[in-house]
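In what follows, a single structure is set out as structure tokens and then discussed.
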Amino acid sequence: MTLYHSLKTVLAGAVTAGLITPATMAQDYPQRPIQMVVAFGPGGGTDIMGRQIGKMLEAELGVSIPASNVAGASGNAGLTQMRTDPADGYTIGTLISLTVASWAAGLGDSKPEDFHVLSVVQNSPSFLFVAANSPHQTAEDLFAYAKANPGELTVATSGYGTQDDVTLKLLARDGIQMENVPFQAPGERYASPIGGHTAVLYEEPGDIAQFIEAGQLKPIVAFSAERHPAFPDVPTATELGHDISGLDNFRAIAVRAGTDPAIVEKLEAALGNVLASEEWQNFCTETYSCIEPVTGDAAQSMVTDFLQLITEQLES
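Residue numbers (mature numbering (1 follows the signal peptide of the UniProt record, and there is no 0)): -26 to -1, 1 to 290.
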């Protein structure tokens, strides 16, 4: 048994025996390391964000916050751990739109009310990217080829049931049929079109900034209501006649529902300081993901509303 789990066992026994009351725990929180559950594998945007937030929260809370990658099932494996660990504030984690979308597709058994969303910290629209040497240098060329050759083009995605999958289904309804090829390892997904293993990559720009800057990957269409300010020459799908928007990639930090409100308040205050810092602003600028943080009831509603949107898209 690790020291971390030994401490959890000892403290749980003390609470059961009445030696430590919930009020005392909230007042003294935190007294030991806080685990950051990253619900996707190493090297991806969620992993980088979770580790960055954890590192910056350490200075605010005065304890270490080690990251633990619990990947699998489009992020649902990590959320299962968050739901089964005690609601004591010593397990926090990432909750992102890809996983919320998977619930609408029947993956996992989590619900928005299983979590208390501390803050939505990033948001970015998704794009389709092709390799620099791709024969399809524009979305018009890509879509025309896909219509003429149904299922021949392959798209690297983060999994089935995610908004990647939903977007491809919506394109298929417009006659643009491309094959979903899921990758669990983010690095392999990013590199797949460069190496010729897939024709297209579905991703947000911040996760592959180094490939964009190196000229290895090129964005050809954005799934957003308006053109992205960092890529003003890239058209939106709506401009091309495909009404697909609102499926942005948001990332949030959450705890298990039922966590003591006093502990939640401490976490929200610490996270607020992190998100207001110059260090965080530099980080989110580099990853094209800066937003005004969404907190409180608005953050909780953002998750619920997104799940409803994806459900309606799948049912239409």
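Positions of the beta carbon are idealized from the N, C-alpha and C atoms, including for glycine. None of these values were measured; they are calculated from a predicted model.
Nonlocal neighbours in the same chain, by C-beta distance under 7 Å from Gly17, ignoring five residues either side: If we look at Gly17 and ignore the five residues flanking it on each side, its Cβ neighbours are Pro160 and Gly161.
Alpha helix (DSSP H) segments (min. 4 residues) lying fully within the stretch 71 to 155: Whole alpha helix (DSSP H) segments, 4+ residues: 71 to 78, 113 to 122 and 137 to 147.
DSSP state of Val44 mapped onto helix, strand, coil: In the structure shown, the three-state DSSP call for Val44 is coil.
Limits of the beta strand (DSSP E) - the one that Leu191 falls within: Where Leu191 is concerned, the enclosing beta strand (DSSP E) starts and stops at Leu191 to Phe197.
Own chain, CB closer than 8 Å to Phe257, minus 5 neighbours either side, in chain order: For Phe257, same chain residues with a beta-carbon under 8 Å away, outside a window of 5 residues either side, are Gln26 in chain order.
Sufficient close CB pairs (3 or more, under 8 Å) joining the stretch 78 to 88 to the stretch 49 to 60: Because the criterion of three Cβ pairs below 8 Å is met, the stretch 78 to 88 and the stretch 49 to 60 touch.
Beta carbon of residue 294 nearer than 7 Å to that of Gly49: One cannot answer for residue 294 here, as it falls past the ends of the chain, which runs -26 to 290.
In DSSP terms, what Val11 is bridged to: Paired residues: Ser42 and Gly67.
Neighbour-count burial assignment, Pro167, 16 or more Cβ in a 10 Å radius: It counts as buried.
Local conformation of Tyr176 per DSSP, three classes: Here Tyr176 sits in strand by DSSP.
Any non-hydrogen atom of the ligand GTP within 6 Å of Gly169 CB: As far as ligands go, the structure on display features none, and thus does not contain the ligand GTP.
Distance between beta carbons of Thr20 and Ile70, contact taken as under 8 Å: Confirmed, about 6 Å.
Integer Cβ distance of Thr141 from Ile218, believed to fall under 8 Å: About 6 Å separates the beta carbon of Thr141 from that of Ile218, a gap short enough to meet the 8 Å contact definition.
Rounded straight-line distance, which links the Cα of Arg225 to that of Val11: Per the coordinates, the alpha-carbon of Val11 lies some 13 Å from the alpha-carbon of Arg225.
Neighbourhood of Ala78 by C-beta distance below 7 Å, restricted to the same chain and skipping five residues each side: Only Leu281, Ile284, Thr285 and Leu288 meet the Cβ criterion.
Closest by C-alpha distance to Gly169, when choosing among Asp181, Gln158, His216 and Phe185: Of the candidates Asp181, Gln158, His216 and Phe185, the residue whose Cα lies closest to the Cα of Gly169 is Phe185.
Exposure of Thr68, with buried meaning 16 or more beta-carbon neighbours within 10 Å: The Cβ neighbour count for Thr68, taken over all protein chains shown within 10 Å, is at least 16; the residue is labelled buried.
Member of Val91, Ser100, Ala173 and Asn107 whose CA lies at the smallest distance from the CA of Gly125: Each of Val91, Ser100, Ala173 and Asn107 was checked against the Cα of Gly125, and the nearest Cα belongs to Ala173.
From Tyr262, Ala250, Ile265 and Ala231, residue whose alpha carbon lies closest to that of Thr58: For Thr58, the nearest C-alpha among the options comes from Ala231.
Assigned exposure category for Glu260 - 16 Cβ within 10 Å defines buried: By the neighbour-count criterion, in which 16 or more other beta carbons inside 10 Å mark a residue as buried, Glu260 falls on the exposed side.
Rounded straight-line distance, which links the Cα of Ala41 to that of Glu34: Annotation: Glu34 to Ala41 spans about 16 Å, alpha carbon to alpha carbon.
The stretch 266 to 277 in contact with the stretch 126 to 133 per 3-pair CB rule at 8 Å: Short answer: they don't touch.
Residues near Asp116 by beta carbon distance below 6 Å, same chain, minus five either side: First, the amino acid is wrong: residue 116 is Leu here, not Asp. His110, listed in sequence order.
Beta-carbon proximity list for Val104, same chain, < 8 Å, skipping 5 on both sides: Taken in chain order, the residues that qualify are His110, Gln111, Leu116, Pro167, Ala173, Val174, Leu175, Leu191, Lys192 and Ile194.
Cβ shell of Ala244 (< 7 Å), same chain only, five flanking positions each side left out: For Ala244, the CB contacts under 7 Å within the same chain, skipping 5 residues up- and downstream, are Leu31, Glu34 and Leu35 in chain order.
Nearest residue (CA-CA) to Ser38, options Ala47, Arg6 and Leu72: Closest by alpha carbon: Arg6.
Per-residue burial, Ala113 [other beta carbons within 10 Å of its own, 16 or more giving buried]: When all chains shown are included, Ala113 counts as buried.
Top-ranked residue by Cα proximity to Gln9, from Gln1, Lys29 and Gly15: When C-alpha distances from Gln9 are compared across Gln1, Lys29 and Gly15, the shortest belongs to Lys29.
N- and C-terminal bounds of the alpha helix (DSSP H) containing Val277: Gly270 to Glu289 is the span of the alpha helix (DSSP H), which, as asked, contains Val277.
Short Cβ contact (7 Å threshold) for Pro156 with Gly133: Yes, these two residues count as a Cβ contact at 7 Å.
Nearest-angstrom Cα separation, counted from Phe89 out to Pro203: Each residue's alpha carbon lies about 33 Å from the other.
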